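So the protein lines, in turn, are chains A, B and C. Mapping to this note's numbering: the first sequence position 60 is 60, numbers consecutive. So the number in this note's numbering is just where the residue sits in the second sequence, counting from 1, plus 439. So the number in this note's numbering is just where the residue sits in the third sequence, counting from 1, plus 717. We put the CB at the ideal spot given by N, CA and C, even for glycine. Quantities reported herein were computed from a predicted structural model and do not represent experimental measurements.
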Amino acid sequence: MRKRLGATAAVVASLVLAACSNPSSGSGDSGKGGSSSWPKETAKLNGTTLTIWAAQNSNTVAKKVISDFESATGAKVHVVTIPDPYEQGVQTKVASGDKPDLAFWQPTASELTSLNATTNLQTLDGAPWISKFSPALRNITGLLHGKRYAALISSPAVEGVYYNKQVFAKYGITSLPKNFDELLTDARQIKAKGGTPFYEMGGDKWATQWWVQVQLADAAKQGLWDRVNANKETFGDPTILNAIKKYKALVDEGLFNKNITSATFVDQGKALLAGDAAMVMQVNSFFGELQASASTAELNQKIGFFPISPSGNVGTFIPDQSNAVVAFKTGDGKRESAARQLLSFWLGSEYPKYLAAQNTVSLETAVPSPATVPDALKSVAASVPTSVGSMQALAVANPDLYLNLANMLAGTMSPEKVASTTQAQFAQLAKAIGAPGYK
Amino acid sequence: MSGASRGWRRLVHPVVVVGLLLFALGVPLWLVVVTSGKSRGDALSPSLALPRHGWHFGANYSKVFTDGRVWSAFVGSVSIVVPSVVLLLLFGAMAAWVFARRRGFAVSMLYAVAISGIVLPPAVITLVLLLRQLGLAGTLTGMVLVYTGIYMSTAIFFITGFIRTIPPQLEEAARVDGAGPVRIFFTIVVPLLRPVLATATILICLYIWNDVFYAFFVIGGRKDTLPLNLFQVASAGLYLNNWHLIFAYVVLMSVPLLVAFAVAQRRIISGITGGAVK
Amino acid sequence: MTLTASTDAAALASGAPPTPPGRRAAARGRRVRPGQPWWFLLPALAVLTTFFLVPTIYNLVYAFTDWSSFKTAINPVGFDNFHSLLSSGVLLADLRTTVIYALLVALFQNVFGLLLALLLEADTSLNRFARVMFFVPVIMSALAVGYVFQALLKPTGVVNSILGALAGHPVRYAWLADTRWTLLYVALIHAWKWMGLAMLIYLAGLKTIDQDALEAARIDGATTWQTFWQIRFPLLAPAMTFNVATALLGSMNSFDIVQATTGGGPAQTTEILNIFIYRTFGQGLFAQATTMSLVLLVVIAVMAFPTIWLLRRREQVL
């Protein structure tokens, strides 16, 4: 008996000793640090298998690229769908030591930090495709502490207004609003004539934050998020709090759909397409949903996009997980190099075929966008160069602002409570990250 | 009681049962089955209505069968559930025998530790880290051992309680006759345990067959099981546009257990009656 | 000359084979040493310890550190996590929700299970069919149940269309978006899924009730109602202990059904603690999440053990 207890204790003790450091720390660098080599795009890779993690809405993005890569190099590429919430699933798996070769990942600094990029990801500096990007897009995102960790593969999502052209015509709105106040004027005009100006998905929640962020575009340009990052300004201070209050005021004024608290993402898409509402404040993935149920011709006819900010038509860009790919340090030099090769292939010779298959806007100066890209997406892409960073892009951490806003819509939180709760979350995350000012 | 009122009584009972079946089960199950036979367009808004664009049972089920790799998932699920159940019952019964028969402080303490697993929530990350260190991450063996660890407390709890209701005379007699403990255990104790083993089998099968949380972290992406592949099928369509496929998969996934239960139903009830609840 | 020898001699003299030593000891009245070897415990405890206890305890240890996904090093921080957790109101609110949810589930699951068991007690073929059917939800995965009820309870879903047909005007109630009542509905859904199992246990319990006692009661003129409350219900105590215990533990430790139907919404009114833990974990705050697991564990222990002990006492009394 005693012997057995002793044996068990020894096992436990050795486990304790073995795992004194962070259990998820990488199993070692591939050795070469940042200046990794960039192999030829179609070098033979027979016998190599790569794994790519993707979310529900990005698991078919690389389909053509993968099949062409497999034929060109003999490698095998396997896409694994991580169920939503995607970021959570990936982080947990990475924490338990499970790493893919490549993954779709939000290229913002805060999200790269949450994946512990400096330890887990390969740096992509010196890649041959960086110079192919149009200058405005080259360094817009994907960087952390000056190093590049993420490769942008589609035009970063932008927060803005998707509108139904036919509804606008119906209610006599002939020109697009040029700033936030004009947007509200138009909305009130629609409401006065019996229409529903805006549609919000309070049920699925995550889009509620766009309304607040879009109002912060001017402030963001003037360094709002830098101040928040340094703890010199908080969510409870007037800039952000007033944006939250304004959102609530607009909802109370009746400018939104009646079923705002239970409406889902799917409902929102249907409503705009059917003309039940005039405008929706959303990001690119919303348009992706529309594309799943309507043809490009119909969308070009019905749906348009314009960015909006307090003083103009400035978009707020918020690259999402389907916009970028990261490469992991797996410790297997061969696979790491193959992963880099896949990225070179994708953004190199395969790029035109990829654009055609995905029907998406080109990010490279030398490659034109397919003519069949819907107009709305073209407008979105056009707004990127002048756009301003969102909270996700500029803040050092990513609190659940949307959740608190949804609670506000459901009537269980005041704007002040939303601000203070979000600030508390932000502080907690910033402290964990080690941001100066939040120790 | 007069004959007339007894006749009336006799009618009420089946009416109530049928009504309850229709209301509490019929509606949801009808929804599932009917939607699983609809075309994609019809299934976008799941409803009780019959399909407007024809029945698509064949197309949906075969699509799900191939896309969801149902056969390989079925094999995966079975090759995890069966060894787990065997290990749990064997080790659990062995340990339960000791806990049920022996007395003493050490035994009670060990018993408390042994059943603590019922209350403690398993910790996924550290579990997977451990598996990596043992080289078992992503393997079926690792998954089997994980489930065995998680449900061991449940198994021990049940079987111990049951053994305590069995009089020890038979074992004593055999022991006195000179039989070794292994022989006593397998020839005398285990046959008497059949009812509780049946109950425990059912419960454990239920938990493991449908588990997606632990499976995802231990073998997700590397091996197929039925619940994991349900995720894949559901996520193949954006924005839950695949109700027809999702429900077809749900039906396929539930059928094996349902068949097993229907067949063994009488045995199971008598098994539970036998004394697991004593 | 010892007794043993004389017994043996007598036995030998009578032509019978000498009795084996054990029986002789028994005949002497000395206690036979127990025959269950200690090593029988080993496989079970080994697996349990390695694959369950060690990772779980490890995990709880991390509650006292600053483990996160943001950095590689882990440093101990004492009770910091507990302080910040308890001072934010979310933990207490979610605990309250979890406890209410668990109580509702335990109540509904048992009531429905018992009613079903009573209804389907007789072994008619209709009843046997119904028993199998009511077990179907138990067999379905929680994810599947979540999808089904999402479809049923949408504002434009099946339940509302049935109600609309009955009421004569369209019903658009958002069942899963009511900040007051959705928790109740989700508890009902949870009970719906598991009532088949409770029914099964109660059925077994009913069948073990001694028929003679019931006969006697009937002869004495007791009504069905009296027979139930005074004889059958008390004798169902073990079944009830089992069902209540599993319902409580099951609902507090799992979150599948809530996650699949409401994801903790609307406005976090159905956010049971496990969902909050999952969310915190997802933000990369691993240490804080394990702190919450520890708190949940304590709450479960505080709730479950006295309840089970009380029920077991009641069993013995009855």
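Environment of residue i [buried if 16+ CB atoms lie within 10 Å]
| i | result |
| --- | --- |
| residue 591/B | buried |
| residue 848/C | buried |
| residue 505/B | exposed |
| residue 978/C | buried |
| residue 898/C | exposed |
| residue 792/C | exposed |
| residue 950/C | exposed |
| residue 450/B | exposed |
| residue 458/B | exposed |
| residue 560/B | buried |
| residue 614/B | buried |
| residue 702/B | exposed |
| residue 492/B | exposed |
| residue 625/B | exposed |
Through-space distance from residue j to residue i, alpha-carbon basis
| i | j | result |
| --- | --- | --- |
| residue 654/B | residue 308/A | 45 Å |
| residue 769/C | residue 1010/C | 15 Å |
| residue 131/A | residue 138/A | 8 Å |
| residue 252/A | residue 665/B | 47 Å |
| residue 313/A | residue 377/A | 16 Å |
| residue 159/A | residue 826/C | 46 Å |
| residue 432/A | residue 549/B | 39 Å |
| residue 365/A | residue 785/C | 40 Å |
| residue 761/C | residue 972/C | 28 Å |
| residue 961/C | residue 823/C | 6 Å |
| residue 374/A | residue 273/A | 14 Å |
| residue 484/B | residue 902/C | 21 Å |
| residue 756/C | residue 524/B | 21 Å |
| residue 289/A | residue 215/A | 25 Å |
| residue 803/C | residue 386/A | 44 Å |
Member of the options whose CA lies at the smallest distance from the CA of residue i
| i | options | result |
| --- | --- | --- |
| residue 238/A | 212/A, 77/A and 372/A | 212/A |
| residue 684/B | 698/B, 515/B, 669/B and 696/B | 669/B |
| residue 145/A | 439/A, 396/A and 300/A | 396/A |
| residue 912/C | 852/C, 872/C and 962/C | 852/C |
| residue 921/C | 1007/C, 830/C and 781/C | 830/C |
| residue 119/A | 812/C, 840/C and 788/C | 788/C |
| residue 964/C | 1001/C, 993/C and 908/C | 908/C |
| residue 372/A | 384/A, 363/A and 355/A | 355/A |
| residue 284/A | 67/A, 171/A and 381/A | 381/A |
| residue 200/A | 280/A, 415/A and 287/A | 280/A |
| residue 815/C | 1024/C, 1031/C and 981/C | 981/C |
| residue 153/A | 180/A, 106/A and 413/A | 106/A |
Cβ of residue i within 8 Å of any chain F Cβ
| i | result |
| --- | --- |
| residue 1002/C | Among the protein chains in the structure shown, which are A, B and C, there is no chain F. |
Sequence-distant residues of its chain with Cβ nearer than 7 Å to residue i (five each side left out)
| i | result |
| --- | --- |
| residue 502/B | 684 |
| residue 499/B | 475, 476, 683, 684 and 687 |
| residue 934/C | 944 and 948 |
| residue 255/A | 187, 191, 197 and 198 |
| residue 663/B | 508, 511, 512 and 515 |
| residue 335/A | 48, 50 and 101 |
| residue 745/C | In this prediction, residue 745/C has a pLDDT of 46, which is less than 50 and means its spatial position is unreliable; what the coordinates show is noted afterwards. Nothing listed; no residue qualifies. |
| residue 427/A | 438 |
heavy atom of the ligand HEM below 7 Å from residue i C-beta
| i | result |
| --- | --- |
| residue 190/A | Inclusion of the ligand HEM in the displayed structure is not the case, the ligand content being empty and no account of it being possible. |
Spatial neighbours of residue i in its chain, beta-carbon cut-off 6 Å, leaving aside the 5 residues before and after
| i | result |
| --- | --- |
| residue 341/A | 39 |
| residue 401/A | 209 and 422 |
| residue 540/B | none |
| residue 219/A | 239 |
| residue 929/C | none |
Same chain, Cβ closer than 8 Å to residue i, five either side skipped, listed in chain order
| i | result |
| --- | --- |
| residue 777/C | 1007, 1010, 1011 and 1014 |
| residue 472/B | 686 and 690 |
Identify every run of the alpha helix (DSSP H) within the stretch 797 to 862 of chain C, keeping only runs that are complete inside it and at least 4 residues long; order them along the chain.
Within the stretch 797 to 862 of chain C, the complete alpha helix (DSSP H) runs of at least 4 residues are 797 to 804, 806 to 836 and 842 to 856.
3 or more residues per run - each beta strand (DSSP E) lying fully within the stretch 934 to 966 of chain C:
Restricting attention to beta strand (DSSP E) runs no shorter than 3 residues, the stretch 934 to 966 of chain C encloses none.
What ranges does the beta strand (DSSP E) occupy inside the stretch 302 to 388 of chain A, keeping only unbroken runs of at least 3 residues that lie completely in it?
If we require 3 residues or more, the beta strand (DSSP E) runs fully inside the stretch 302 to 388 of chain A come out as 303 to 306 and 324 to 327.
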